[in-house]
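Undergrad: Residue numbers (my numbering): 11 to 510. First, the structure itself, so that you have it in front of you.
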RNA sequence: GCCCCGUUCGUCUAGUGGUUAGGACGCCAGAUUUUCAAUUUGGUAACAGGGGUUCAAUUCCCCUACGGGGUGCCA
């Protein structure tokens, strides 16, 4: 059994979007599951739209997701000469031909076809009395038929220096069947396929040719890519045949749609993975979520990377497009956050700060002791956060400077009564020893009982004074984490304002 | 227009020629509770429609509808 070789082949015309990331993930999973390799190829043959920034963004995105690839990254443009060589080989074999029809002529033909189409549609609409419809239909069928070169078989010889394009001499009869690993057998009738361009008039290869030659030369055994390439699989198979090569296995994954079911657009989710990073999602959570989008292993929802690679197979793939559900991603991410050890999570949060909006301000405050403080506060913080962004937000109070600025709701809690309680509590806390959550809680409960209050009556003002907000981890944990001096000082800050 | 692909709760999905059609997210209600979460108990909710095949179809076949992709000297 030949070793599996998959590849991820993005075109660097933008960031690595979420659909691309999923395609990369499945290629990676399949390679890992079978003990094979995943290769990376940058399809940069479109010189106008390809940019170095996009290449960097794609590689950066893959690295963030921890999807590694084997061997050197292949740049398609650099292999143009090899692609042309293959085209000439086909020419020699009689599997391709020179076509002298210009792009302008083709354009004219297309607009003719468009006109014929509209004429037919108009006639149908008007329900024009009989007869003409059949003729119009025939006319349209003729004009919209797949392109066939008029010069193909002994047409008028062109000028010796006339520019030409190399086209595949596609078969007229029969059909090509690809046995897709996901979609099952798919049949393409040859009469519906055209003589596709292999080499442009400037001698550069088209995508269709380049992909086939590269996949062959790179030894790719499994092409795993988006559903949008399904028809290309048929066309590419024709090229493999023309070259006398065996086509690899194909697996076409259903696409990801936006939450509204329409195609993923910039507006809702066709964001680069960088955007998900900026929202504070963890790579393992992303992988888990993306894997479950279109693939399932029974009822399993939370899967480690090890489990995914152990279980992955095309049998578990769905065939219909999946919608992106941010709520589920967040839920999953929350799970991963809660299950990350405290110090590890603190480290990850600090590392992620430069990528989070406004994270730099917090990053500036994090020094060595601050990192320790963050780790100690983690148990209370992490179960309240679905993303690193929320985690950073929740950690804000740890590093806030006295006197704290309270938000409106917190400020409203500090009634004169509440401030009096704060003053009394500060006095009780000051000599407390040891300073830990249990001791502070016991002391607080004694005070509450003596005063005949409910715990909430002092817990909420305490929270406001300590964190500046109405929600936070448990107050006693907050007190403990902050340390006696800082906690008492914060409480006195707010108590003092009463008399001021 | 033509070609190709698809359709199970709102969403992601499991599943089978005979099931109370299962799980997860979301939502609703209860428990817990110093806030918010977390946790936990329960609830809501689906086989697109129509024809076949069959003793029996959500499951197999056909048609329709809807959605998606392709139809480039883009990738």
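Virtual Cβ for every residue (Gly too), placed ideally from N, Cα, C.
Indicate whether residue 324 and residue 375 have their beta-carbon atoms separated by less than 9 Å.
TA: Cβ distance not < 9 Å, so residue 324 and residue 375 don't count as in contact.
Undergrad: Can you round the beta-carbon distance between residue 193 and residue 329 to whole angstroms, since I take them to be within the 8 Å contact cut?
TA: 6 Å
Undergrad: Does DSSP classify residue 307 as helix, strand or coil?
TA: Here residue 307 sits in coil by DSSP.
Undergrad: Which value, in whole angstroms, describes the spacing of the CA atoms of residue 500 and residue 366?
TA: 28 Å
Undergrad: Along the chain, where does the beta strand (DSSP E) that runs through residue 199 open and close?
TA: For residue 199, the enclosing beta strand (DSSP E) stretches over residues 194–199.
Undergrad: Below 8 Å on the Cβ atoms is my contact criterion, and I expect residue 504 with residue 475 to pass it. Report the Cβ-Cβ distance as a whole number of Å.
TA: 4 Å
Undergrad: Report the residue from 407, 65 and 379 whose alpha carbon sits nearest the alpha carbon of residue 390.
TA: 407
Undergrad: Would residue 22 and residue 64 be called neighbours here (beta carbons separated by less than 9 Å)?
TA: yes
Undergrad: Sort out for me which residues DSSP pairs residue 312 with in a bridge.
TA: For residue 312, which the question treats as bridged, DSSP gives no partner whatsoever.
Undergrad: Report yes or no: do the segment 186–206 and the segment 252–264 share at least 3 C-beta pairs separated by less than 8 Å?
TA: Output reads yes: the segment 252–264 touches the segment 186–206.
Undergrad: Taking the straight line between their C-alpha atoms, what separation do you get for residue 494 and residue 322?
TA: Distance between the alpha carbons of residue 494 and residue 322: 52 Å.
Undergrad: Name the DSSP bridge partner or partners of residue 187?
TA: 197
Undergrad: So what does DSSP say about residue 178, is it helix, strand or coil?
TA: strand
Undergrad: Helix or strand or just coil, what does DSSP make of residue 396?
TA: coil
Undergrad: Keeping to the same chain, check which residues put their C-beta closer than 7 Å to that of residue 239; ignore five residues upstream and five downstream.
TA: 262
Undergrad: Looking only at its own chain, which residues have a Cβ that is under 7 Å from the Cβ of residue 412, when we skip the five neighbours before and after it?
TA: 499, 500 and 503
Undergrad: Going by DSSP, what residues sit across from residue 431 in a beta bridge?
TA: Looking at the DSSP output, residue 431 sits in no beta bridge, so it has no partner there.
Undergrad: Which word fits residue 47, buried or exposed, when buried means at least 16 other C-beta atoms lie within 10 angstroms of its C-beta?
TA: buried
Undergrad: On the three-state DSSP scale, how would you describe residue 463?
TA: coil
Undergrad: By Cβ distance below 6 Å, which residues in the same chain neighbour residue 294 in space, the five residues on each side in sequence not counted?
TA: The answer, listed in chain order, is 346.
Undergrad: Which residues mark the beginning and the end of the beta strand (DSSP E) in which residue 48 is found?
TA: For residue 48, the enclosing beta strand (DSSP E) starts and ends at 47–52.
Undergrad: For residue 84, which three-state DSSP category applies?
TA: strand
Undergrad: Taking 8 Å as the cut-off, does the segment 229–243 touch the segment 38–56 (at least 3 CB pairs, one atom from each stretch)?
TA: yes
Undergrad: Which residue wins for smallest C-alpha separation from residue 507, given the options 485, 431 and 490?
TA: Measuring C-alpha to C-alpha distances from residue 507 to each of 485, 431 and 490 identifies 431 as the nearest.
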